[in-house]
Structures are given as C-alpha cells and as structure tokens.
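Participant: Below is the structure I would like to discuss, written out as structure tokens.
Number of protein chains: 2
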Amino acid sequence: MYQQAGSVGQDEPMSKPLYRQVADTLRAEIADGVFGPGDDLPSERELRERFDASRNTVRQGLQLLVSEGLLNSSQGRAYQVRSHEIFVLNASKFENLQFSQREDGDSYDNEVLHSGRQPHQEFRVEMVKVPQDIAERLKVAPGEQGVLRFCRRFVDDTPWSTQATHYPKWLVDAHPRLAEPDDIEEGSTRYLADRGIEQIGYHDELMTRMPTPEEARELQIGPGVPLLIWIRTGFSTDKPVRCTRTTFRGDLNHITYDLGDLRALTTRGDLH
Amino acid sequence: MYQQAGSVGQDEPMSKPLYRQVADTLRAEIADGVFGPGDDLPSERELRERFDASRNTVRQGLQLLVSEGLLNSSQGRAYQVRSHEIFVLNASKFENLQFSQREDGDSYDNEVLHSGRQPHQEFRVEMVKVPQDIAERLKVAPGEQGVLRFCRRFVDDTPWSTQATHYPKWLVDAHPRLAEPDDIEEGSTRYLADRGIEQIGYHDELMTRMPTPEEARELQIGPGVPLLIWIRTGFSTDKPVRCTRTTFRGDLNHITYDLGDLRALTTRGDLH
DNA sequence: TAGTGGTCTAGACCACCGG
DNA sequence: CGGTGGTCTAGACCACTAA
Numbered sequence: 043m044y045q046q047a048g049s050v051g052q053d054e055p056m057s058k059p060l061y062r063q064v065a066d067t068l069r070a071e072i073a074d075g076v077f078g079p080g081d082d083l084p085s086e087r088e089l090r091e092r093f094d095a096s097r098n099t100v101r102q103g104l105q106l107l108v109s110e111g112l113l114n115s116s117q118g119r120a121y122q123v124r125s126h127e128i129f130v131l132n133a134s135k136f137e138n139l140q141f142s143q144r145e146d147g148d149s150y151d152n153e154v155l156h157s158g159r160q161p162h163q164e165f166r167v168e169m170v171k172v173p174q175d176i177a178e179r180l181k182v183a184p185g186e187q188g189v190l191r192f193c194r195r196f197v198d199d200t201p202w203s204t205q206a207t208h209y210p211k212w213l214v215d216a217h218p219r220l221a222e223p224d225d226i227e228e229g230s231t232r233y234l235a236d237r238g239i240e241q242i243g244y245h246d247e248l249m250t251r252m253p254t255p256e257e258a259r260e261l262q263i264g265p266g267v268p269l270l271i272w273i274r275t276g277f278s279t280d281k282p283v284r285c286t287r288t289t290f291r292g293d294l295n296h297i298t299y300d301l302g303d304l305r306a307l308t309t310r311g312d313l314h
Numbered sequence: 043m044y045q046q047a048g049s050v051g052q053d054e055p056m057s058k059p060l061y062r063q064v065a066d067t068l069r070a071e072i073a074d075g076v077f078g079p080g081d082d083l084p085s086e087r088e089l090r091e092r093f094d095a096s097r098n099t100v101r102q103g104l105q106l107l108v109s110e111g112l113l114n115s116s117q118g119r120a121y122q123v124r125s126h127e128i129f130v131l132n133a134s135k136f137e138n139l140q141f142s143q144r145e146d147g148d149s150y151d152n153e154v155l156h157s158g159r160q161p162h163q164e165f166r167v168e169m170v171k172v173p174q175d176i177a178e179r180l181k182v183a184p185g186e187q188g189v190l191r192f193c194r195r196f197v198d199d200t201p202w203s204t205q206a207t208h209y210p211k212w213l214v215d216a217h218p219r220l221a222e223p224d225d226i227e228e229g230s231t232r233y234l235a236d237r238g239i240e241q242i243g244y245h246d247e248l249m250t251r252m253p254t255p256e257e258a259r260e261l262q263i264g265p266g267v268p269l270l271i272w273i274r275t276g277f278s279t280d281k282p283v284r285c286t287r288t289t290f291r292g293d294l295n296h297i298t299y300d301l302g303d304l305r306a307l308t309t310r311g312d313l314h
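Chain order of the listed sequences is U and Y. Read in the numbering used here, the first sequence has 254 at position 212, and its numbers run on one by one without any break. Read in the numbering used here, the second sequence has 43 at position 1, and its numbers run on one by one without any break.
Here it is, written out as structure tokens:
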C-alpha cells in the first residue's frame, strides 16, 4: 500500500517518504471532512498499524500537520483537528479596538460580541525604555524613556492578541494621564485629541512570522500558528505621536482595509 | 551541564526537555550573533557531542528552529542561519505592483531595484471557474466562469510572491482583451479605466497561515515560513470588478498602508 | 488504571554535496 | 570519497488525561 522510501520506482513516481504519505493522507481526509473541526484523530498506535510504520514515522507525519496548523496535540489526549473562528478587524475604520465598550455605530466588525462570546482584557502601564525599532518610528533617541500601555485581549479565555502602545516622553510630560495606570475611559486617542494633539495620519505596517517561545507562551499557541503583526504609527501635523504594535494569533484574526469610494459595498451581502 | 528531562527538580525549575535546551541555546547564540545570517551551524554530530544527546534529540531541537523560520536545512549541507532582505509593499499607494516597468514617481517602494537585484515574472491567463471564495467577493454565482490572470514574481530567481486576479465573466465579455494571454502593457486596471470601468474603491483583506504543500513548492519555502496573503477586491461605482489574491513569502515581505494626512512623514528619515 | 502523547536512545541505510 | 543531513526502526520510560 504505502511505498517504502529510498527504493525509487523504476521510471517516474520517486516514492514520497513514508511520513509524508502519512501526512498527505491525513491532510486529505481532513480536507474531505472525514475528520471535522474538533474531531479526534486515531491514536498513534492505530495509525502505526494502518500505515505499517514505526511510531516515530507516524509522529513525524503528524508533526508536519501540527506545524501546518491543522492539528492540535497535547499530552494524554488524542490529536485534534483545529477549528477556527475568525475575528475580522477593519483597520481603516477602527481607531481603538476596545472590547466591551461603546460599540457606537461601527466601532468594530467582529463576530465576537455577536456570537455570545465573552471578551475581556488585561491592562497595564509602564515607564520603559523605548525599544529600538519603536524609537525609530517615533523619531526619538534610542534608549529614551517612554510610556508603554499594554493590553492583552481574550475571547472566552483564549488569548487573542496583545497590544503595546508606546508614547514618547515629550508627549507624556505634557499630558501625564498617559502614564497613569488606569484605562483611560474615553480612549487615549480621544484624550489626546481633546488636548490638542490630534492624530491626522497613520502609517501601518503588516507582517507575519512564527512566534518566539515567549510569544507562543503569551498567546498560548503551539507550533504551526504564525503571528500577524500590525504596527500603527500615529502622526500629528508635524511628528509621530504614538506607535502601537498589535500581535495577533494568525489563525484567529484577519485585518481589512477599505480604501476610496465603497458605496458599492453598502449592500454587503455575503462579502466577508 | 544540560539537565535530563523527566527527573523533575525538587522545587521549581522543572527542567526543560533536552531538545528544547538545544533549541534555546542555539536560538540565543543566533540572536547574539555567534552565528550570523548565512553562517553554517555545527554539524549534528558536533552538536550531539556538545549537548551529550542522541542524534534524534539534536535533530528535534534543530527542527524546532527550522519551524520557527530561523534555520534552513537541506540534504548534504550544514544547517544555515536564514538571512532576510525584506520587500516592503505600500498597498495604499501602489495599484499595480509591476516589476521592471515604468517606475514613474512612486510606483513601488522596494529595496529590490535599488540594490542591484534582478526581478522577473512569469505570467499566464486562463479561463477558469471562479473559486467559491472569490465568487463571493465578486458577487457572481458560484461555479461561473471567469478570467484568471496569474503572475509569479521572482527576485534573483527566488520566488517572491504569486498573484492571481479574477475578473467576472460579464466584464470579460465587454472587454475581451482581459482574456488575451499577453501582459497588458498599460496595466489591466488602466485598460479598464480607459474603457469606462473605473475602480474607485478597494476592499483589502490581510491574513496569514502556513503554506499548503503546493504553496510551499510554488514559492520554494520550507517549513517555518508563513504566508502573508493579501486579497484586494476592486469596486466600480456599483459593483465589484476584480479580485486579486497575492500570496507572499511572509519572511520576505511586509505590507504598509498610509492613511490620512501624513505631511509629517515627508521627512521620512530612518522610518522603515 | 489503561491509554494517550512526550521524550529519548542506539543504530541502520540512504541521498546529496563538496573536495 | 568522506561528511552532511534525511528517513526509518524498535524499544524504553515518563507525564498527562479520562474513565
């Protein structure tokens, strides 16, 4: 059934390694719905028999699927097909993504509150040295102090994203509430705007990479789930005012932008 | 030196598995520059001695780093520290990302042409059934035919991204050059605009995930490199006109958006 | 407690790369 | 050719989960 690796077929098929056959077969079965989201896969022992392979080989195949983000695994329990509910953030509309607060009008476009999920967030404020990369974006001297307002968001106790906003020292000196450890009721962007510091332009950067071990721990993600990173630098008329780095679990989040005239979108229909 | 797994320390440290110690140690050394971009790592045999571990255990640790995108590996050669040159695409400025063509003014913001790299692209046009997800975005019946204009871009023969644009049948019927197999000189968006079909709004979606095996082959990426996916739907005054899905190697590409008034950014300085 | 996955070993053979 | 990584096996012990 499953060809041995190494001994190459005469002419063309150049047999795939066994562990890849295992992965490909299971991947196809997941795609076909033989195993649906949340289902348990057969145990390693059963797969070993089915594919006539050693345990390590079966594990190597399963590991591949884990690293593709298709499976979850944890000690003592069967491999499980991942299921995804995706949160969509419209970055061109929403200035502050604030959970469980005024959802006036259009404040964010999520499927969270509309599906009985329970969002919450952890919040903290620190005085820290502005990290090098942020300092460049804020155009402040490397090593300068600044305020970090940090937030980690959860949905039903699943970590969803972390958000770190840095404010330069000159701004904090002029508007000290930025450094206070409470959530700013009206939103810090609004607070600044009310005090004459208006953000009239944004520079957004989007990128992806695999999490570091710390990030993986913080967002409780295993291998195989990439991060989606969104860095927004907010500008007043003459200089950068703040820099926010939001780190999302890539498997649970999409970001959208609406540009230009979208009157044709008013009948949104089944558009994602 | 390196604690055994299993036998738990009395009170707290709960020793890490050996393969993680291998990975963590090497990761730190890469971060510290002990091994720079492009450098070879010591061979598995040497690492086995250094960490006093079996070959499989060392391999497991190395595999972790590969899956984090830090290392490349291929048969017969040493593990190599990945090096990244990142291409930045400003999605709010550039309608068509066209390689090696009129770079009038600001047409794209890359470090490619400015560093002596050689870009090129493969191009093809097909008549295909519009895929389900694209059909939703184009608001056409699922299963309907449409034109697919496909492009794969390279930099110095490294696959960089693939781009697939779907046009609905009604548009192609009215403007048949969309279905012709040549590159449209002036750009297809321009071609349409000249014929009265102007795209006045865009809906962009950004997401990340690990590549499927096909995608990994097409972009020549190994495990540990996530994809960055950008889906742009272009709208005329009353309906969607085209849908473009661009699939980037996440390790080589960033996307940016400029929103609002960015006069403060004119002195771009060291801002990325 | 039985069954699952997590970690680890020792050794084998192979394919590929470079000198 | 020698050295590298790629694949695979057989078996061991452990930690965790669920019944």
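We put the CB at the ideal spot given by N, CA and C, even for glycine.
Could you tell me whether any Cβ in chain Y is nearer than 9 Å to the Cβ of U/G243?
Facilitator: Interface residue, yes.
Participant: Which bits of chain U does Y/S230 rub up against, with CB to CB less than 8 Å?
Facilitator: Those do not exist, as Y/S230 stays about 18 Å from chain U at its closest Cβ, beyond 8 Å.
Participant: Any residues in the segment 97–111 of chain Y with a beta carbon nearer than 7 Å to a beta carbon of chain U? Which ones, in chain order?
Facilitator: Answer in chain order: S109, E110 and G111.
Participant: Compare the C-alpha of U/P210 against each of U/P201, U/V182 and U/R219 and name the closest.
Facilitator: Selected option, being the one with the closest Cα: U/V182.
Participant: Is the shortest distance between the beta-carbon of U/K281 and the beta-carbons of chain Y less than 9 Å?
Facilitator: So, interface residue.
Participant: Using DSSP with H/G/I as helix, E/B as strand and the rest coil, what is U/G276?
Facilitator: In this structure, U/G276 counts as strand in the three-state DSSP scheme.
Participant: In whole angstroms, what is the alpha-carbon distance linking U/L213 and U/T289?
Facilitator: Rounded to whole angstroms, U/L213 to U/T289 spans 24 Å at the Cα level.
Participant: Could you tell me which of Y/R219, Y/T204 and Y/F77 sits nearest to Y/L294, measuring between CA atoms?
Facilitator: The shortest C-alpha separation from Y/L294 is found at Y/T204.
Participant: Got a sec, what are the start and stop residues for the beta strand (DSSP E) U/F129 sits in?
Facilitator: Residues F129 to N132.
Participant: In its own chain, which residues sit with a C-beta less than 8 Å from the C-beta of Y/E71, not counting the 5 before and 5 after it?
Facilitator: Counting only Cβ-Cβ distances below 8 Å, and skipping sequence neighbours, we find F77.
Participant: Go to U/Y61, then tell me how far its alpha helix (DSSP H) extends in each direction, as first and last residue.
Facilitator: Element bounds for U/Y61: L60 to A73.
Participant: Kindly identify the DSSP beta-bridge partner or partners of U/K171.
Facilitator: DSSP, once it has assigned bridges, lists U/Q187 as partnering U/K171.
Participant: Does the beta carbon of Y/G118 sit closer than 9 Å to a beta carbon anywhere in chain U?
Facilitator: By this cut-off, Y/G118 is not an interface position.
Participant: Would you tell me roughly how many angstroms separate the C-alpha atoms of U/L301 and U/P59, rounded to the nearest one?
Facilitator: In a straight line, the C-alpha of U/L301 is about 47 Å away from that of U/P59.
Participant: Would you say U/T316 and U/H245 are within 9 Å of each other, going by their C-beta atoms?
Facilitator: Beyond the ends of chain U as shown, which are 43 and 314, falls residue 316 of chain U; an answer cannot be given.
Participant: Mind checking whether U/L261 and Y/L248 have CB atoms under 9 Å apart?
Facilitator: No, these two residues do not count as a Cβ contact at 9 Å.
Participant: Could you work out which residue in Y/L234, Y/P184, Y/L89 and Y/L68 is closest to Y/Q174 when comparing CA atoms only?
Facilitator: That would be Y/P184, whose Cα lies nearest to the Cα of Y/Q174.
Participant: Given that U/R305 touches chain Y, what residues does it touch there, using C-beta distances under 9 Å?
Facilitator: Those are I242, G243, F277, T279 and D280, listed as they occur along chain Y.
Participant: DSSP on U/I271, reduced to helix/strand/coil?
Facilitator: If DSSP states are grouped into helix, strand and coil, U/I271 belongs with the strands.
Participant: So which residues on chain Y does U/T200 lean against when the C-beta distance must stay under 8 Å?
Facilitator: None at all; the shortest Cβ gap to chain Y is about 18 Å.
Participant: Hey, would you say Y/L112 sits closer than 9 Å to Y/R69, going by beta carbons?
Facilitator: Result yes, Cβ atoms of Y/L112 and Y/R69 sit closer than 9 Å.
Participant: Could you give the DSSP three-state label for Y/P161: helix, strand or coil?
Facilitator: Here Y/P161 sits in strand by DSSP.
Participant: In chain U, what lies closer than 8 Å to Y/R287 by C-beta?
Facilitator: Correct list: empty, because the minimum Cβ distance to chain U is about 13 Å.
Participant: Would a C-beta distance cut-off of 9 Å place Y/L104 and Y/A65 closer than the cut-off?
Facilitator: Yes, the Cβ-Cβ distance between Y/L104 and Y/A65 is below 9 Å.
Participant: Here's the rule I'm using: 16 or more other beta-carbon atoms within 10 Å means buried, otherwise exposed. How should U/R191 be labelled?
Facilitator: The residue in question, U/R191, is buried, as its Cβ has 16 or more Cβ neighbours within 10 Å.
Participant: Does Y/L259 get closer than 9 Å to chain U when you measure Cβ to Cβ?
Facilitator: Residue identity check: residue 259 of chain Y is Arg in the sequence provided, not Leu. Y/R259 does not count as touching chain U.
Participant: Name, please, each residue of chain Y whose Cβ falls closer than 8 Å to the Cβ of U/S134.
Facilitator: Those within 8 Å of U/S134 in chain Y are Y299 and L301.
Participant: Let me know the secondary structure DSSP gives U/I297 once reduced to three states.
Facilitator: In this structure, U/I297 counts as strand in the three-state DSSP scheme.
Participant: Just the C-alpha distance for U/E257 and U/E178, rounded to the nearest angstrom, thanks.
Facilitator: About 22 Å.
Participant: Compute the Euclidean distance between the alpha carbons of U/W272 and U/R287, then round it to the nearest angstrom.
Facilitator: Approximately 6 Å between the Cα atoms of the pair.
Participant: Identify, in the order they occur along the chain, each residue of the same chain with its Cβ nearer than 6 Å to the Cβ of U/L307, setting aside the five sequence neighbours on each side.
Facilitator: Correct list: empty, nothing qualifies.
Participant: Quick check on DSSP: helix, strand or coil for U/V108?
Facilitator: Correct three-state label for U/V108: helix.
Participant: Could you please give the first and the last residue of the uninterrupted alpha helix (DSSP H) stretch that includes Y/R259?
Facilitator: Note, Y/R259: alpha helix (DSSP H), P255 to E260.
Participant: Confirm, please, whether the CB-CB distance from Y/L83 to Y/A120 is below 9 Å.
Facilitator: Contact flag set, yes.
Participant: With H, G and I counted as helix, E and B as strand and the rest as coil, what does DSSP make of U/Q122?
Facilitator: Of the three classes helix, strand and coil, the one that applies to U/Q122 here is strand, per DSSP.
Participant: Please state whether DSSP places U/E88 in a helix, a strand or coil.
Facilitator: It is helical.
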